[in-house]
Amino acid sequence: MMLPASTKIAFVVNDDNGVEPSDITVMLNGTTHTVANGLMVAGSAMAREVSLGGLKAGENYHAVITAVDADGGTDSRDLYFDTFDTNSFVVEVEDYNYEWGEFIDTPVLIPELDEDGIDANWGEDSYNSQEGYIGIDFFDTDEALVPAAHRYRPYDAVATVPALDLVRQKFNDAGGAQKGISDFGVVDIEEGEWLNYTRNLSKWRISSLSASGTV
């Protein structure tokens with residue numbers, strides 16, 4: 054999630070028991086922020102309006118928001134975001150190699166479906182519907198190619214579904230949802246599975262945006 058460095062972390066704490074400003078904290082990349090060192094708290098005890106600024110450009114952030122009410126009840130939330138330049142070179146997770154190591158340096162965004170809106174679309178400058186080779190371009194143990202879970206690379210075992218991130222500008226510029234342009238993500242990656250990526254770059258610093266969950 055690429056956000057401008059001018060963005061403020063802002064949220065509301067609602068609690069019937071009331072919350073004191075000093076009992077709200079935001080731990081940002083390991084540093085705890087309170088009303089004593091930059092956290093802004095307004096509103097009533099039962100509806101606190103909280104904000105924190107001072108973000109730096111080009112950073113990955115992990116924020117842990119914690120509030121403790123008058124009865125000692127505690128609630129926490131985790132936020133993950135970054136302040137990278139929206140023009141930064143991004144390798145999309147769904148754009149892994151295909152055809153025995155083939156790759157596209159500057160892929161073009163195209164609609165998910167063809168002109169008839171039925172079959173998966175394909176373009177020689179796009180990763181959409183490109184087919185990879187297991188053991189070369191990727192390794193995945195999924196044997197059932199369920200269409201709903203393999204929309205971007207329908208011929209591969211790698212599960213690709215629409216991403217839940219905020220829509221980035223390049224997807225809007227390409228036409229967005231009205232033109233059938235979607236951002237995709239790779240899901241259900243299990244231990245031992247992998248994806249292979251190739252790009253031509255000069256100087257670089259790599260940062261990864263990923264998420265994991267347990268049931």
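Count along the sequence shown from 1, then add 53; that gives the number in my numbering. Here a beta-carbon is modelled for each residue, glycine too, at the ideal position from N, C-alpha and C. Here the structure is a predicted model, which means the values were calculated and not measured.
Less than 7 Å between the C-beta atoms of A216 and G233, yes or no? no
Boundaries (first-last residue) of the beta strand (DSSP E) holding F64: I62 to N67
For V103 and M93, believed in contact at Cβ under 8 Å, the rounded distance: 7 Å
Endpoints, beta strand (DSSP E) assigned at N225: Looking at the DSSP string, N225 is not in any beta strand (DSSP E); the run it does join, the alpha helix (DSSP H), is Q222 to D226.
Using the C-alpha atoms, what's the distance from A116 back to K223? When rounded, the distance between both Cα atoms is 26 Å.
Three-state secondary structure assigned by DSSP to S59: In the three-state reduction of the DSSP assignment, S59 falls in the coil class.
If G245 sits next to I189, beta carbons under 8 Å apart, how far is it from one beta carbon to the other, in whole angstroms? No, G245 and I189 are not in contact; Cβ-Cβ is about 16 Å, not under 8 Å.
Are F137 and G107 closer than 7 Å when you measure CB to CB? Contact: no.
DSSP puts V240 in a beta bridge; with which residues? BP columns for V240 point to A212.
Between the segment 113-130 and the segment 68-78, do at least 3 Cβ pairs fall closer than 8 Å? yes
Are the beta-carbon atoms of D148 and R252 separated by less than 7 Å? no
Decide if V268 is buried, meaning its Cβ has at least 16 other Cβ atoms within 10 Å, or exposed. Since pLDDT at V268 reaches only 41, below the 50 mark, its modelled position is unreliable, and the value read off the structure follows with that caveat. Answer is exposed; the Cβ neighbour count stays below 16.
Other residues of its chain near G48: CB distance less than 7 Å, five sequence neighbours each side excluded: Outside the shown range of the chain, which is 54 to 268, sits residue 48, and nothing can be said about it.
Taking the beta strand (DSSP E) that D135 falls in, what are its first and last residues? T127 to D135
Give the range of the beta strand (DSSP E) segment to which I259 is assigned. Neither: I259 is in no beta strand (DSSP E) and is coded neither H nor E.
Looking at I77: is its Cβ nearer than 7 Å to the Cβ of A120? yes
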